[in-house]
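Engineer: Using the working numbering, the first residue of the sequence shown is number 80, and each one after it goes up by one.
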Amino acid sequence: MPAAPEPNIDTTPFDAPSVTREITIDAPVEDVWEAVSTDEGRERWLEQDPERELVVEESVAPEHITWWWWRDDEPARRVDVDIAAVPAGTRVTVTETEPMIFPLAQLASTAAQLASTTAQLASMAAHPAAELVLV
80 MPAAPEPNID TTPFDAPSVT REITIDAPVE DVWEAVSTDE GRERWLEQDP
130 ERELVVEESV APEHITWWWW RDDEPARRVD VDIAAVPAGT RVTVTETEPM
180 IFPLAQLAST AAQLASTTAQ LASMAAHPAA ELVLV
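(1) Give me, in chain order, the residues of the same chain whose beta-carbon lies closer than 7 Å to that of Asp161; leave out the 5 immediate sequence neighbours on both sides.
(2) Check for me: the alpha helix (DSSP H) holding Arg131 runs from which residue to which?
(3) Anyone know if the C-beta pair for Arg121 and Val115 falls short of 8 Å?
(4) Where do the ends of the alpha helix (DSSP H) carrying Glu177 lie?
(5) Once you ignore the five residues that flank Thr103 on each side, which residues in its own chain have a CB closer than 8 Å to its CB?
(6) Check this for me: beta carbons of Trp146 and Glu136, under 8 Å apart or not?
(7) Excluding sequence positions up to five away, which residues of its chain have a Cβ less than 6 Å from the Cβ of Asp105?
(8) Is it buried or exposed for Val108, if we count other Cβ within 10 angstroms and need 16 for buried?
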């Protein structure tokens, strides 16, 4: 019996602000890969910023790299770079995402509403003639 396919789960938080840009470069995939996947390559095109930290999370040569970058005064951002050969050269797609902070206040409010509804249901079970009022 064949194994069930792996689910395709998007782990990017809902409503995470992101920007995607795409460009076709008149160069072979190998050259573009070297330019985005190595420190020396990035130094040739990426704005120099001594305060910026950059950590590579995932690298699948020569088609995908993910890194995180940040400065002390800004939140970390995830950068996904996808590279593909096209007739005109190499297509580069860059998506930069600022993951959202988990909305704890919203979670607390939802939990309070759930507790209130649960209490009302318990009361109804004890007094079947009572009416359920959702807040």
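Beta carbons: idealized from backbone N, C-alpha and C, even for Gly.
Structural biologist: The answer reads as follows:
(1) Against the sequence shown, residue 161 aligns to sequence position 82. If we look at Asp161 and ignore the five residues flanking it on each side, its Cβ neighbours are Glu142, His143, Thr172.
(2) In the sequence shown, residue 131 corresponds to position 52, counting from 1. Here Arg131 belongs to no alpha helix (DSSP H), and DSSP marks it neither H nor E.
(3) In the sequence shown, the residue the question calls residue 121 occupies position 42. In the sequence shown, the residue the question calls residue 115 occupies position 36. If you check the CB distance, Arg121 and Val115 come in under 8 Å.
(4) Stepping through the sequence shown from its first residue, residue 177 is reached at position 98. DSSP places Glu177 in no alpha helix (DSSP H); its state is neither H nor E.
(5) Your numbering for residue 103 matches position 24 in the sequence shown. Answer for Thr103: Val165, Ala167, Gly168, Thr169, Arg170, Val171, listed in chain order.
(6) If you number the sequence shown from 1, residue 146 lands on position 67. If you number the sequence shown from 1, residue 136 lands on position 57. At the C-beta level, Trp146 and Glu136 come within 8 Å of one another.
(7) As a position in the sequence shown, residue 105 is number 26, starting the count at 1. For Asp105, where only same-chain residues beyond five positions count, the Cβ hits under 6 Å are Gly168.
(8) One-based indexing of the sequence shown puts residue 108 at position 29. So Val108 ends up on the buried side.
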